[in-house]
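Under full-length UniProt numbering, the first residue of the sequence shown is numbered 1, with each subsequent residue one higher.
Ideal Cβ positions, reconstructed from N, Cα and C, are used throughout, including at glycine.
Below is one structure, written out as structure tokens; the observations come after it.
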Amino acid sequence: MEMTSSMKKSLDAIAKWGKITGVFMIIGGGIYAFFGISLLIIGAAPGVLMIFSGIYLIKSANAAQKMSDDMPQEPHEALLDNYVKFMKWQFFFLLSIIVIFILCIVAFFFLIFLGILTDLHSGYDPYYYE
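Given below as structure tokens:
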């Protein structure tokens with residue numbers, strides 16, 4: 001298969017932006033994991049998933065760069081294989097974000113419920129203000 005100038009341009013863009021985005025995903029995932037440690041394992045998990053997504057995106061960008069230079073079959077397969085892995089890790093990352101969001105909502109309403117119960121239990125003491 002002969003490569004057109006449009007295909008070469010697209011592969012160069014995938015290689016360029018894939019590497020940049022992958023590096024920022026790794027950095028962001030590291031920051032997310034570092035600050036998520038305070039929530040134990042469940043808080044750090046999205047950051048770790050984001051790091052793996054960044055790694056697979058960089059591998060996919062490297063395969064796109066090789067494909068842009070010449071058109072052998074191996075980088076072609078590596079590009080698609082790493083892109084599939086990237087998409088899977090993105091799914092797990094988004095799933096973990098949704099789970100953490102739901103847990104935060106449940107914790108918020110639980111704390112409101114505890115606050116209401118505490119207020120009902122304490123009652124009004126008319127002798128307090130004398």
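Cβ neighbours of residue i in the same chain (closer than 7 Å, five flanking residues each side left out)
i: S96; result: A45, P46, L49
i: A61; result: I14, A15, G18, K19, G22
i: F52; result: W89
i: A63; result: P75, A78, L79, N82
Buried or exposed by the 16-neighbour rule on C-beta atoms within 10 Å, applied to residue i
i: I105; result: exposed
i: Y38; result: As written in the sequence, residue 38 is Ser, which differs from the Tyr given in the question. It is exposed - the Cβ of S38 has fewer than 16 other Cβ atoms within 10 Å.
i: G36; result: buried
First through last residue of the alpha helix (DSSP H) which encompasses residue i
i: M3; result: Note, M3: premise wrong, no alpha helix (DSSP H); not H, not E.
i: S60; result: 40-69
Residue i to residue j span [Cα, whole Å]
i: K59; j: S68; result: 14 Å
i: K85; j: Y56; result: 6 Å
i: I100; j: L94; result: 10 Å
i: I27; j: I41; result: 19 Å
Short Cβ contact (8 Å threshold) for residue i with residue j
i: M25; j: G43; result: no
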